[in-house]
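Adding 11 to a residue's 1-based position in the sequence shown gives its number in this note's numbering.
C-beta: ideal position from N, C-alpha, C; glycine also.
Working notes, beginning with the structure itself.
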Amino acid sequence: MKCTHCSPDQQTRDIEREDLKPINRAVVEINRAVVEINRAVVEINRAVVDINRAVVEINRAVVEINGAVVEINRPVVEINRAVVGIDRAVVEINRAVVEINRAVVETNRAVVEIKRAVVEISRAVVEINRAGFC
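Structure (structure tokens):
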């Protein structure tokens, strides 16, 4: 492959297929890392769905609590039941947050792989430039 922006006398050599192998390997690593990020995002989305379900439960419990406040004569037992509902929803939120944190760790691992691949691409470009390609 010849450099298309240089005149023929400026071109010192063709890029060999071997010169492109480190770049191709780095691109494969980037693609693998992107797949891992996508998997982590799916996990995050699942956790977000769980959080949304828990928020719906909290909202239902808050409606119950508000009803208890309006009806001052309502038994405290009803309020306690609503609080238990909130506690259960908070437990579900905490579980979902743990899943989000796990997915973030996986995302961070994939980002590290992307950064490593970028370093490899940079090294390959430096090697091409050192070899005298314009």
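For the candidate residues Asn-119, Glu-82, Gly-143, whose alpha-carbon lies nearest to that of Asn-49?
-> Within the sequence shown, the letter at position 38 stands for residue 49. When C-alpha distances from Asn-49 are compared across Asn-119, Glu-82, Gly-143, the shortest belongs to Asn-119.
Mind checking whether Ile-69 and Ile-111 have CB atoms under 9 angstroms apart?
-> Taking the first residue of the sequence shown as position 1, residue 69 is located at position 58. Taking the first residue of the sequence shown as position 1, residue 111 is located at position 100. Cβ atoms of Ile-69 and Ile-111: not closer than 9 angstroms.
Under the three-state reduction of DSSP, which class applies to Pro-86: helix, strand or coil?
-> To locate residue 86, count along the sequence shown from 1; it is residue 75. Reduced to three states, the DSSP call for Pro-86 is coil.
Give every residue of the same chain whose Cβ lies closer than 8 angstroms to the Cβ of Val-115, excluding the five residues on either side of it in the sequence, and list them in chain order.
-> Mapped onto the sequence shown, residue 115 falls at position 104. Excluding sequence positions up to five before and after Val-115, its CB lies within less than 8 angstroms of the CB of Ala-51, Ile-55, all in the same chain and listed in chain order.
To the nearest angstrom, report how far apart Gly-96 and Ala-72 are at their CA atoms.
-> Along the sequence shown, one-based indexing puts residue 96 at 85. Along the sequence shown, one-based indexing puts residue 72 at 61. If you take the alpha carbons of Gly-96 and Ala-72, they lie about 6 angstroms apart.
Report all residues from its chain with a CB closer than 6 angstroms to the CB of Ala-107; omit the five preceding and five following residues, and keep chain order.
-> Within the sequence shown, numbered from 1, the residue matching residue 107 stands at position 96. If the five residues before and after Ala-107 are omitted, its C-beta is found closer than 6 angstroms to the C-beta atoms of Ala-58, Asp-61, Ile-62, all from its own chain and listed in chain order.
Determine the closest residue to Ile-76 out of Arg-92, Ala-121, Ala-65, with distance taken between C-alpha atoms.
-> Along the sequence shown, one-based indexing puts residue 76 at 65. It is Arg-92 whose Cα lies nearest to the Cα of Ile-76.
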